[in-house]
Structures are given as structure tokens and as C-alpha cells.
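So the number in my numbering is just where the residue sits in the sequence shown, counting from 1, plus 1151. What follows is a single structure, written as C-alpha cells, with notes after it.
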Amino acid sequence: MIEELLNYDIYNGNTVGDYLSLEFLAGVAGSIVGALLILFVGMFLSGWAGRRIRGISKRHAKLDDTLFNFLGNITRYIILGFTVLIVLNTFGIQTTSIVAVIGAAGLAIGLALQGTLSNVAAGVMIVLFRPFKNGDFVEVAGMSGTVKDISLNFTELANVSNVQVIVPNSQVWGNIITNFSTNQTRRAEWIFGVGYGADLKAAEEAIRATILADPRSLSEPEPFIQVNNLGDFSVDFLVRVWVSSPDYFKYQADIKRAVKEALDAAGIDIPFPTQTLINSGS
């Protein structure tokens, strides 16, 4: 009975006894040990290579962390993929057919997930060309906010109310992108109106003194303060001043109030539209 069982043909002329022989078991054990060793080395190399690539941006302040994190992850997955193929070859499995099956499955999945893949493709373009980075204040797809995260599928913003906004990358890359943080300086602009009876020289001096008194105002380029328009109710001064980009929003609001107070202190009238009502009587 045992002899018949050992001589039972299982596959391609190989019997149960062949698979239970010391030679076969030693070969299987060797393959398993070899596969585990290859797997361990591959996992170690993938992690090491990923960390090394991500660490490049840590050592150089001018390099962007997001780009090198992406490259590090891609390198890690590529090494792991080759490691799995080598492990399969260790057991005598033909990987050519597996690669073909994966390719066919990938094509089918790609057709089913066209929208998702378009987001991934756009995410790759964003990561590679870097139109913005984490911490930038941008306007994309009609939404504005500070960039919190850039993934392969979406870009995360925090708007001015600190509300999370998720924008699919296909809408980001396919639309106009306005980055307010790229340049170190921005030009603030106001129009201040004074009455027609006001002393224009005194008004200009009051505006200029207020601008120059604020340490956030940049002297280069020189502030521009000129009469720009003769309106229906006022003489309008166009004021343009350069300021550091991080100070822009608060600076613009602060200067409006400071100029209003300076004109009031100088006794310069700031007009507003009026309407005269005529009572015809009866």
C-alpha cells in the first residue's frame, strides 16, 4: 500500500516518492532559503534607496521635499517589483507570462479607471514641473488657499477660513494656476480720494509719510503716489507700494486704515457721494 502510494504519478512523470526524496526536499528548502534571502535583501535595498533619495532634499534647502518623496517612493516600488520577479524565478516560475497577464489586467483596469488615472497622470506632472509646493498660497480650479499636500490623486488646500479643500489633480493641471507665493515681493495698490477743495500737496505728503512710516514698505522700487483720476466727487490718488509677499494681506488692510487716520488728522476731506432731495411742495 505504501509502495503504491510512493509510486503514484502526480505530475509529468514525477511520483509521490520523488517529491518526498531528500534531494527534492533539500532543493525546495534551498529555494525557500534563497527566496527569503533575496526578499530580505530586496526589501532592505528598496527602503535604503527610498530613504537616500528622500534625504537629498533634506540636505539641500533649495530642493523640494514633495518631488524627492515621490521619486523615493517610485524607486522603492520598482526595486520591490524586481525583487518579487526574482523570487518567483527562484521557484522556477516563468515570470514572462505573469508580466503579460499583469499587463493585460493593467490595461483593463486602466480603461475602467480613466478618471482616476488622469488624476494620477496630472499628479505626476505637478510633482515633476512644480508649479507650486507645500505652503504656497495659490488659486486653482476656481479655489484659493494654502497648499497642504500634493498627492498623486489630488491636491489639498486650506482656504482662508482654514477649511480643507480637495481638488482633483486633473482639474489642477488642466486649468490656470495662480501662485501668489512664488515671488518674494508683491505690489500693493490703493486708490485714495480727497475732496476737490483739499490741498493736494498736503494730501500727498500725508499719504507718503504714512507709507514710509510702516517698516514693511519697501523703498525699492520707490513707492508711487500720483493723482490718477478726477472723479465725480473726488480727486483720486493712485498709490502703489512693494511689500514682502507674506506681509501682503495684512499690510494692505493696515495701510488703508492708517491713511484714513492720517488724512483725518491733517484736516483733509474724504468725500462720499451725496444726493440732494428737492421738496417741490404744494
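All residues carry an ideal CB built from backbone N, CA and C; glycine is no exception.
The Cβ atoms of residue 1290 and residue 1300 do not sit closer than 8 angstroms to each other. Between residue 1275 and residue 1231, the gap from beta carbon to beta carbon reaches 8 angstroms or more. Residue 1386 places its beta carbon 8 angstroms or farther from that of residue 1325.
Residue 1332 is not a Cβ neighbour of residue 1395, given a cutoff of 8 angstroms. Residues of the same chain with a CB within less than 7 angstroms of the CB of residue 1318, apart from the 5 flanking positions on each side, are 1291, 1292, 1294, 1305, 1306, 1308 in chain order. Excluding five sequence positions before and after residue 1417, the CB atoms of its chain that fall closer than 7 angstroms to its own CB belong to 1353, 1357, given in chain order. In the three-state scheme derived from DSSP, where H, G and I count as helix and E and B as strand, residue 1275 is classed as helix. Close CB contacts of residue 1410 within its chain, under the 7 angstroms cut and outside five residues either way in sequence, are with 1343, 1358, 1361 (chain order).
Secondary-structure assignment with DSSP links residue 1304 through no beta bridge to anything. Taken in chain order, the whole alpha helix (DSSP H) runs of length 4 or more contained in the segment 1382-1426 are 1399-1416. For residue 1339, the enclosing beta strand (DSSP E) begins and ends at 1336-1345.
Note that the C-beta distance between residue 1235 and residue 1186 is not below 8 angstroms. Per DSSP, the beta-bridge partners of residue 1330 are 1289. For residue 1323, no beta strand (DSSP E) run applies; the uninterrupted alpha helix (DSSP H) run containing it begins and ends at 1320-1324, by DSSP.
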